[in-house]
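Written out below as structure tokens is the structure these notes cover.
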Amino acid sequence: MKLFDVYPLFPIEPVKASGAYVYDKHGTEYLDFYGGHAVISVGHSHPHYVKRIKDQLDNIAFYSNSVINNTQTELAEKLGKLSGYDDYQLFLCNSGAEAVENALKMASFHNCKSKILAFEKGFHGRTMGALRVTDGPKIKAAFNGSITTQYLPLNELEPVEQALEDGDVAGIIIEGIQGVAGIIEPTVEFLKGLRDLADKFGVVLILDEVQSGYGRTGDFFAHQHAGIKADVITMAKGMGNGFPIGGIIVSPAFKPSFGLLGTTFGGNHLASAAGTAVLEVIEEENLLENAKHQGEYLKEELSKIDAIEAITGRGLMLGLVIKGDGKALRSGLLTKHHIFTGGCANPNILRLLPPMNITKKESDKLINAIKSEFS
13 MKLFDVYPLF
23 PIEPVKASGA
33 YVYDKHGTEY
43 LDFYGGHAVI
53 SVGHSHPHYV
63 KRIKDQLDNI
73 AFYSNSVINN
83 TQTELAEKLG
93 KLSGYDDYQL
103 FLCNSGAEAV
113 ENALKMASFH
123 NCKSKILAFE
133 KGFHGRTMGA
143 LRVTDGPKIK
153 AAFNGSITTQ
163 YLPLNELEPV
173 EQALEDGDVA
183 GIIIEGIQGV
193 AGIIEPTVEF
203 LKGLRDLADK
213 FGVVLILDEV
223 QSGYGRTGDF
233 FAHQHAGIKA
243 DVITMAKGMG
253 NGFPIGGIIV
263 SPAFKPSFGL
273 LGTTFGGNHL
283 ASAAGTAVLE
293 VIEEENLLEN
303 AKHQGEYLKE
313 ELSKIDAIEA
323 ITGRGLMLGL
333 VIKGDGKALR
343 SGLLTKHHIF
353 TGGCANPNIL
363 RLLPPMNITK
373 KESDKLINAI
383 KSEFS
């Protein structure tokens with residue numbers, strides 16, 4: 013049996029990792045400025061993270077959600093404290109797409125409506141409901157039409173208000189920053205306007221923070237830059253630093269009932285221990301501030317390079333708009349300088365999604381490598 017192809021593969025097999033670096037079987041060192049799709053939030057093999065998982069494994073790795081699980085409670089309390097959403101409710105699952113599925117379900121149950129407003133170029137996952145609100149026709153199947161979705165231009169409030177006036181909208185879903193599209197930011201004014209319109213029309217505002225959340229932008233969630241609160245927030249990727257975990261944070265206005273949501277593996281003991289360890293490292297090492305500081309430094313230095321037309325994003329979720337062939341730059345960084353970076357829907361944009369505990373040394377290494385590619 014062979015594997016089903018899902019991505020074009022880097023010609024590298026990492027067998028070991030530490031901090032911001034991964035190593036192949038020959039011992040070759042690669043600087044990781046991609047974090048495996050924004051997953052590595054506190055660095056590879058962080059000692060505290062590894063210890064928490066090992067300690068948990070020595071006790072109990074898994075039991076279903078039919079019993080009391082205090083590792084979940086610990087995670088929820090820590091998450092509420094660091095995110096500023098301590099009065100919300102947490103449902104744990106296994107992935108970002110699963111989080112989006114449950115968020116959409118919660119919106120529809122909350123107001124008994126069926127339509128979802130989403131935004132052009134948005135990406136929310138590859139499962140049935142998540143894909144239906146993803147603006148990606150190439151990856152949709154015929155049966156992905158069960159949810160009524162209307163795609164609207166980002167950062168334009170008037171079309172949103174017009175769409176809401178039909179009365180059948182359950183929710184609005186938007187990424188804190190569009191990642192796959194190429195690090196495209198909703199403006200502060202747009203996010204505030206969405207919050208006001210959601211309140212006015214009684215619809216659920218869902219913030220997809222799967223890629224942009226967990227401190228990557230310098231705020232715990234990217235939408236907090238606009239000073240608003242969402243009704244439902246989806247999370248995954250950096251939440252477990254590589255251990256599969258996802259979740260949604262749900263407003264106290266949503267009343268739970270047995271059977272409404274459920275999962276076998278979600279929030280298991282190992283996953284919750286991993287999630288708590290990530291939060292502990294973020295807090296103890298002040299990684300939100302570091303993400304903000306390193307992001308500002310990268311933007312300042314990279315903006316001096318003539319071949320970079322623009323830099324989008326905040327913190328350590330940055331998009332470099334290249335004058336020319338972005339794919340060639342990405343390839344050169346990997347093959348010549350041993351630096352992983354990310355691509356996106358726009359071939360002339362590089363995504364930078366490194367661990368949040370990178371230092372100036374790693375930032376300078378990337379900056380100098382890009383300079384050398386254009387010298």
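Per the numbering used here, residue 13 is the first one in the sequence shown, and the count goes up by one each step. Quick reminder that beta carbons are idealized off the backbone N, C-alpha and C, glycines included.
**Item:** Boundaries (first-last residue) of the beta strand (DSSP E) holding P26
**Value:** Sequence index remark: in the sequence shown, residue 26 carries index 14 (1-based). Start and end: 26-30.
**Asked** Quick one: Cα of F135 to Cα of K204, how far?
**Response** For this step, residue 135 is matched to residue 123 along the sequence shown. For this step, residue 204 is matched to residue 192 along the sequence shown. Cα to Cα, F135 sits roughly 21 Å from K204.
**Prompt:** Which value, in whole angstroms, describes the spacing of the CA atoms of A234 and F74?
**Reply:** Along the sequence shown, one-based indexing puts residue 234 at 222. Along the sequence shown, one-based indexing puts residue 74 at 62. Answer to the nearest angstrom: the Cα atoms are 32 Å apart.
**Message:** Measuring straight from C-alpha to C-alpha, what distance separates V18 and N123?
**Reply:** Residue 18 sits at position 6 when you count from the first residue of the sequence shown. Residue 123 sits at position 111 when you count from the first residue of the sequence shown. In a straight line, the C-alpha of V18 is about 37 Å away from that of N123.
**Item:** Boundaries (first-last residue) of the alpha helix (DSSP H) holding K190
**Value:** Here residue 190 refers to the residue found at position 178 of the sequence shown. The question names Lys, but residue 190 is Gln in the sequence shown. Careful: Q190 lies outside any alpha helix (DSSP H) and carries neither H nor E.
**Message:** Can you look up Q174 in the DSSP assignment and give me helix, strand or coil?
**Reply:** Start at 1 with the first residue of the sequence shown, and residue 174 comes out as number 162. DSSP places Q174 in helix when its eight states are reduced to three.
**Item:** Identity of the residues DSSP links to Y42 by a beta bridge
**Value:** If you number the sequence shown from 1, residue 42 lands on position 30. Beta-bridge pairing links Y42 to V34.
**Request:** Check whether the Cβ atoms of G230 and L300 sit closer than 9 Å, and answer yes or no.
**Result:** Counted from its first residue, the sequence shown places residue 230 at position 218. Counted from its first residue, the sequence shown places residue 300 at position 288. The Cβ atoms of G230 and L300 sit closer than 9 Å to each other.
**Message:** Excluding the 5 residues flanking G338 on each side, which residues of the same chain have their C-beta closer than 7 Å to its C-beta?
**Reply:** On the sequence shown, residue 338 is found 326 positions in, with the first residue counted as 1. Within the same chain, G338 has close Cβ partners P359, N360, I361, L362.
**Message:** Nearest by alpha-carbon distance to S53: which of D70, G141, G31, S387 is it?
**Reply:** Position 41 of the sequence shown holds residue 53. Looking at the Cα atoms, G31 is the closest of the given residues.
**Item:** Inter-residue Cα distance where the pair is T40 and F121
**Value:** The residue given as residue 40 occupies position 28 in the sequence shown. The residue given as residue 121 occupies position 109 in the sequence shown. T40 and F121: Cα-Cα distance of roughly 52 Å.
**Request:** State buried or exposed for F270, treating a residue as buried only when at least 16 other CB atoms are found within 10 Å of its CB.
**Result:** Position 258 of the sequence shown holds residue 270. Exposed.
**Message:** Using only the alpha-carbon positions, how far apart do L310 and P367 sit?
**Reply:** Position 298 of the sequence shown, counted from the first residue, corresponds to residue 310. Position 355 of the sequence shown, counted from the first residue, corresponds to residue 367. Taking the straight line joining both Cα atoms gives about 14 Å.
**Message:** Within the continuous alpha helix (DSSP H) that includes E295, where are the two ends?
**Reply:** In the sequence shown, residue 295 corresponds to position 283, counting from 1. Where E295 is concerned, the enclosing alpha helix (DSSP H) stretches over 281-296.
**Nearest candidate by alpha-carbon position, reference A115, set M251, P198, E221, I382** = To locate residue 115, count along the sequence shown from 1; it is residue 103. With distances taken between Cα atoms, A115 lies closest to E221.
**Message:** Would you say E301 lies against chain D (beta-carbon separation less than 9 Å)?
**Reply:** Although the question refers to chain D, the structure presented lacks it and comprises just one protein chain.
**Asked** Among M329, L328, A322, which one has its Cα closest to the Cα of G336?
**Response** Taking the sequence shown and counting its residues from 1, one reaches residue 336 at position 324. Checking every option, the nearest Cα to that of G336 belongs to A322.
**Item:** C-alpha distance - I189 paired with M329, whole-angstrom precision
**Value:** Counted from its first residue, the sequence shown places residue 189 at position 177. Counted from its first residue, the sequence shown places residue 329 at position 317. Cα-Cα distance, rounded: 9 Å.
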